[in-house]
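Report on one structure; see the data block that follows.
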Amino acid sequence: MPDSVDTVKGTTERRKGEHVDIVINEDVKSRINYWDDISLVHSALPEVDFDDISTEVRFLGRKIAAPLIISGMTGGFEKAHDINKNLAEAASELQIPMGVGSQRAALENSELEYTYSIVADYDIPLRIANIGAPQLIKQGEKRAYGIEDAKAAMEMIDAHLLAIHLNCLQEVVQPEGDRRATGTLRAIQSISRALPVMAKETGAGIGASVASKLKDAGVRAIDVGGLGGTSWSAVEAYRAERKGDGVGQRLGETYRNWGIPTPVSIIQSRVGLPLVATGGIRTGLDTARALCLGASAAGIAGALIKQASESKQAVLAELRNIIEELRVAMFLTASPTVQRLGRRECIITGPTKEWLNL
Ligand SMILES: Cc1cc2nc3c(=O)[nH]c(=O)nc-3n(C[C@H](O)[C@H](O)[C@H](O)COP(=O)(O)O)c2cc1C
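Rendered as structure tokens:
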């Protein structure tokens with residue numbers, strides 16, 4: 000069947016629902032969590048009171064209460080409205096940034112805007128819109144998105160920042176994926192001239208040369224979205240299995256652990272831009288490890304989706320645990336502020352060390 004606009008609409012909506020369902024109900028994590036290779040060094044004499052530890056930071060000029068970002072996950076179907084609402088309520092209560100998932104579904108069908116725009120009803124210090132880099136390039140019959148679409152995505156959620164996601168791994172293992180990638184950097188550059196853009200990988204990481212190219216293209220921040228957490232290849236393997244597509248299943252399983260580990264990605268992407276460490280963050284200790292390596296904030300997706308599908312209280316409880324764990328790491332490393340934590344020593348072992356000795 001030709002890929003008409005109507006099939007694009009229906010397929011995108013259905014796919015988004017399947018993704019959330021699979022991430023909640025199946026094991027889709029990559030096999031290694033590289034954050035366990037990073038150790039912070041204990042200080043027996045912190046010379047600071049626990050109650051004086053402050054997690055407050057500025058990120059891209061906005062004051063946020065903790066260096067944590069709820070990474071873009073969803074939108075485009077009814078249940079996604081409730082998920083985004085639960086996440087937005089928690090982000091507003093805790094005063095931390097949040098992103099929405101790819102807004103393509105609503106850019107194609109305005110009836111779905113409400114599933115994203117709900118986040119604009121809340122006082123969130125940094126709202127992050129989301130479009131896919133593959134959509135910036137003409138793919139078969141599908142038109143390429145330009146500045147006007149990017150602006151529309153930002154306006155839809157009254158965003159402060161636009162994430163352009165890079166997801167070649169997912170597109171190439173997905174039977175209906177967009178496989179043209181020539182011209183991506185130029186398209187990102189042209190949007191970055193007009194709008195504040197954060198380049199964002201989605202689980203396969205950013206290496207040194209890509210980070211430099213993105214900086215030269217004018218992005219304001221990089222979310223390295225590295226290997227170690229949700230594996231989109233694993234998600235697509237489950238989708239293929241459910242459809243009885245053996246070829247797709249095999250491809251997804253083969254590439255389940257493909258990518259640059261998140262801690263490696265943070266170290267390699269230190270090109271002078273604010274970095275977000277997303278990919279496998281489960282705890283406040285992981286967050287502290289990321290900050291110690293040079294990230295400005297840690298992003299969390301998979302570890303919050305189940306709670307987000309339940310209630311605002313469940314999201315809040317998990318995030319409060321993470322913030323408390325972060326404060327403990329700051330106390331035990333004698334770091335009263337996040338800036339101080341960023342200057343602390345950390346020890347790198349295991350596969351992450353091997354990666355860095357490339
Ligand atoms: C259910 C779900 C849907 C996602 N959808 C998007 C998306 O639409 N756009 C995007 O940029 N990233 C998306 N992501 C990727 C996350 O933002 C993040 O980069 C990735 O999951 C790695 O983080 P994690 O290990 O904490 O899950 C999604 C993640 C999940 C779990």
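Sequential numbering of the sequence shown, starting at 0, is according to numbering that gives the first Met the number 0.
The C-beta atom is built at its ideal place from N, Cα and C for all residues, glycine as well.
Please read all numbers here as calculations on a predicted model, not as lab measurements.
Roughly how many angstroms lie between the CA atoms of residue i and residue j, to the nearest whole one?
i, j, result
"glycine 365", "histidine 41", "Because the chain is modelled from 0 through 357, residue 365 falls outside the range shown and cannot be assessed."
"arginine 241", "serine 295", "39 Å"
"leucine 292", "alanine 313", "29 Å"
"tyrosine 121", "alanine 297", "21 Å"
"aspartate 5", "alanine 105", "Note that aspartate 5 scores a pLDDT of 43, beneath 50, so its modelled location is shaky; the value from the coordinates is reported in the next line. Approximately 13 Å, taken between the alpha carbons."
"proline 271", "leucine 135", "Note that residue 271 is glycine in the sequence shown, not proline. Cα-Cα distance, rounded: 26 Å."
"methionine 0", "glycine 245", "Only weak support is given to the placement of methionine 0: the predicted model assigns it a pLDDT of 29, under 50, and the value that follows is read from those uncertain coordinates. C-alpha separation (whole angstroms): 21 Å."
"serine 38", "asparagine 356", "18 Å"
"proline 45", "valine 196", "38 Å"
Comparing alpha-carbon positions, which option in the options lies nearest residue i?
i, options, result
"threonine 332", "Asn320, Ile346 and Arg319", "Ile346"
"isoleucine 31", "Leu315, Thr54, Ile205 and Gly258", "Gly258"
"isoleucine 299", "Ile322, Arg185 and Phe49", "Ile322"
"glycine 98", "Ser109, Ile163 and Ser38", "Ile163"
"glycine 206", "Ile187, Ser189, Glu252 and Pro262", "Pro262"
"lysine 352", "Lys199, Val196, Trp34 and Ala287", "Trp34"
"lysine 275", "Pro335, Gln248, Ala210 and Ser334", "Per the sequence shown, the amino acid found at residue 275 is valine instead of lysine. Looking at the Cα atoms, Ala210 is the closest of the given residues."
"lysine 199", "Ser109, Ile68 and Ser91", "Ile68"
"glutamate 252", "Val171, Ile123, Phe58 and Leu86", "Val171"
"glutamate 12", "Pro133, Leu168, Glu77 and Asp48", "Glu77"
"glycine 100", "Ala287, Leu111 and Gln94", "Leu111"
"glutamate 55", "Leu290, Ile221 and Glu344", "Leu290"
"aspartate 285", "Glu309, Arg326, Gly245 and Pro273", "Arg326"
"leucine 399", "Leu168, Gly217, Gly176 and Arg178", "No answer is possible for residue 399: the residues shown for the chain start at 0 and end at 357."
"glutamine 267", "Trp354, Ser189 and Ser334", "Trp354"
"arginine 142", "Cys167, Leu165 and Asp177", "Asp177"
Going along the chain, which residues of its own chain have a beta-carbon closer than 6 Å to the beta-carbon of residue i, five neighbours each way excluded?
i, result
"methionine 329", "Ile52 and Leu340"
"leucine 125", "Arg61, Pro96 and His159"
"serine 264", "Gly204, Ile205, Val223 and Gly225"
Give every residue of the same chain whose Cβ lies closer than 7 Å to the Cβ of residue i, excluding the five residues on either side of it in the sequence, and list them in chain order.
i, result
"isoleucine 21", "Val27, Val234, Tyr237 and Arg238"
"threonine 229", "Val22, Val27, Lys28, Gly202, Ala300 and Gly301"
"glutamine 102", "Gly74, Tyr115, Ala128, Asn129, Ile130, Ala152 and Met155"
"glycine 227", "Ser29, Ile31, Asn32, Tyr33, Trp34, Pro260, Thr261, Gly278 and Gly279"
"alanine 64", "Thr54, Glu55, Leu93, Gln94 and Ile95"
"asparagine 85", "Ala307, Ser310, Lys311 and Val314"
"threonine 336", "Ser53"
"glutamate 324", "Thr282, Gly283 and Leu284"
Within a Cβ cutoff of 8 Å, which residues of the same chain sit near residue i, ignoring the five residues on either side of it in sequence?
i, result
"leucine 194", "Ile146, Ala149, Lys150, Met153 and Leu161"
"glutamine 173", "Glu235, Arg238 and Gly247"
"glutamate 317", "Ala302, Leu303 and Gln306"
Residues surrounding ligand 1 [beta-carbon distance to nearest heavy atom under 6 Å]: His18, Val19, Val22, Ser70, Gly71, Met72, Thr73, Gly100, Ser101, Asn129, Ala162, His164, Lys199, Thr201, Gly202, Gly224, Gly228, Thr229, Thr277, Gly278, Gly279, Ile280, Ile299, Ala300, Gly301, Ala302 and Ile304
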